[in-house]
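Using my numbering, the first residue of the sequence shown is number 2, and each one after it goes up by one. Below is one structure, written out as structure tokens, with a few remarks after it.
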Amino acid sequence: MKRIVSIDIAKAICIVLVVVGHYVPANSPAWYVALHDIIYTFHMPLFMFASGYVYIATKKDVAYGTFLWKKVRRLMMPYIVTSMSVITIKLLTQDGMSVDNPVTPMSYLRMFYLPEAGYFLWFIWALWWMFVLVPLFKTPRARQWLFAMSLLLHYVPYGLPLEFCLEQFKNMIVFFMLGVVSFECKLLYRLVNDFSLKKSLIAITLFVALQSINMSFGGGKIITTLLPYVGIFFVLEVSKLLCHYQTIEKGSVLLLVSASSYIIYLFHTTFEGFAKAVFRKLPLDSSLWYVFVPEALIVIVCGVIAPIVLFKIFKRYKVTRVLFGL
Numbered sequence: 002m003k004r005i006v007s008i009d010i011a012k013a014i015c016i017v018l019v020v021v022g023h024y025v026p027a028n029s030p031a032w033y034v035a036l037h038d039i040i041y042t043f044h045m046p047l048f049m050f051a052s053g054y055v056y057i058a059t060k061k062d063v064a065y066g067t068f069l070w071k072k073v074r075r076l077m078m079p080y081i082v083t084s085m086s087v088i089t090i091k092l093l094t095q096d097g098m099s100v101d102n103p104v105t106p107m108s109y110l111r112m113f114y115l116p117e118a119g120y121f122l123w124f125i126w127a128l129w130w131m132f133v134l135v136p137l138f139k140t141p142r143a144r145q146w147l148f149a150m151s152l153l154l155h156y157v158p159y160g161l162p163l164e165f166c167l168e169q170f171k172n173m174i175v176f177f178m179l180g181v182v183s184f185e186c187k188l189l190y191r192l193v194n195d196f197s198l199k200k201s202l203i204a205i206t207l208f209v210a211l212q213s214i215n216m217s218f219g220g221g222k223i224i225t226t227l228l229p230y231v232g233i234f235f236v237l238e239v240s241k242l243l244c245h246y247q248t249i250e251k252g253s254v255l256l257l258v259s260a261s262s263y264i265i266y267l268f269h270t271t272f273e274g275f276a277k278a279v280f281r282k283l284p285l286d287s288s289l290w291y292v293f294v295p296e297a298l299i300v301i302v303c304g305v306i307a308p309i310v311l312f313k314i315f316k317r318y319k320v321t322r323v324l325f326g327l
């Protein structure tokens with residue numbers, strides 16, 4: 002239970018970082034741009050790691066077709082519903098207000114092979130292909146070979162088509178498989194799950210040091226290669242610190258954010274967009290820090306809280322549970 006709770010906390014931290022990372026207006030101060038750049042060194046690899054870990058930790062012996070149908074209902078049905086909703090909202094509002102990434106009626110067709118409603122939806126396509134592929138490797142040994150192949154695929158310098166987000170799948174499967182082997186390999190399992198204050202301090206120190214080098218000197222290829230893995234290690238240790246020093250109860254805010262993470266991911270940019278559109282109409286100078294900070298906080302809170310409210314509403318009704326994979 003503590004194992005899953007620590008991963009849930011990591012997911013909660015990650016989804017908040019996603020929301021923060023997707024708000025970076027043109028007049029952002031330098032410190033906020035630096036925060037954005039730090040988040041982007043590891044937040045999606047962390048999400049993929051958590052997805053792979055939870056997948057293998059909760060894996061059940063079901064037929065391949067049954068498993069894929071479950072993922073269609075869990076991932077692709079919400080993707081289609083959300084894409085159609087967001088595209089419709091943008092078509093209805095983009096003539097009267099500023100909208101990020103405007104769409105056309107052709108977007109209803111393009112969404113079936115590209116994340117047309119919002120680029121951030123690539124995550125769902127990439128995760129879908131992982132769930133198509135990984136169950137075909139039925140033993141821990143076979144999954145270790147897949148991890149090795151995913152490392153090769155990640156670092157070999159050639160691209161895959163952007164359609165169906167195959168390029169993002171290529172770049173991210175290594176982190177999903179790292180989550181898988183971290184559950185199945187005894188050494189990695191202990192690294193992920195065993196708590197020690199010394200290990201947490203090492204993770205924090207390493208993260209701060211590498212991020213400082215990257216920001217100050219550009220890092221270079223070795224540093225940028227290490228940052229996603231160090232970021233995953235850092236957030237996992239922070240999660241275990243929270244578990245160790247604080248009682249995480251069933252109704253805690255962190256677990257609520259984690260449980261709502263998929264709905265937050267699907268809708269955060271929509272609610273952030275509404276908040277940004279309102280602020281753009283106000284006579285405020287966002288280049289001033291005392292205007293930017295509260296404005297950013299309000300936009301980010303809208304991107305987290307409003308989808309949580311949606312999650313609670315969607316859970317009440319069978320039709321919305323089906324439409325949004327709940």
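Note that the Cβ used here is the ideal one computed from N, Cα and C, for glycine as well. Values in this document were obtained by computation on a predicted structure and should not be read as measured data.
Pairing residue 247 with residue 50, the inter-Cα distance amounts to about 24 Å. Under the three-state reduction of DSSP output, residue 9 falls in the helix class. Taking the Cα positions, residue 6 is about 42 Å away from residue 105. Taking C-beta atoms under 8 Å as the contact rule, residue 175 and residue 152 qualify, at a distance of about 5 Å. Runs of alpha helix (DSSP H) with 4 or more residues, each lying fully within the segment 141–174, are found at 141–156, listed in chain order.
Counted as a single uninterrupted DSSP element, the alpha helix (DSSP H) harbouring residue 312 occupies residues 290–315. The continuous alpha helix (DSSP H) containing residue 46 extends over residues 44–58.
A distance below 7 Å between beta-carbons, with the five flanking residues on each side excluded, links residue 8 to the following residues of its chain, in chain order: 51, 54 and 55. Taken atom to atom, the span from the alpha-carbon of residue 326 to that of residue 318 is near 12 Å. The C-beta separation of residue 207 from residue 236 comes to about 12 Å, leaving the pair out of contact by the 8 Å criterion.
Residue 217 carries a helical assignment under DSSP once its states are collapsed to helix, strand and coil. With contacts defined as CB atoms closer than 8 Å, residue 109 and residue 88 qualify as a contacting pair. Taking every protein chain shown into account, the CB of residue 59 has fewer than 16 other CB atoms within 10 angstroms, so this residue is exposed. Nearest to residue 147 by alpha-carbon distance, out of 120, 293, 254 and 181, is 181.
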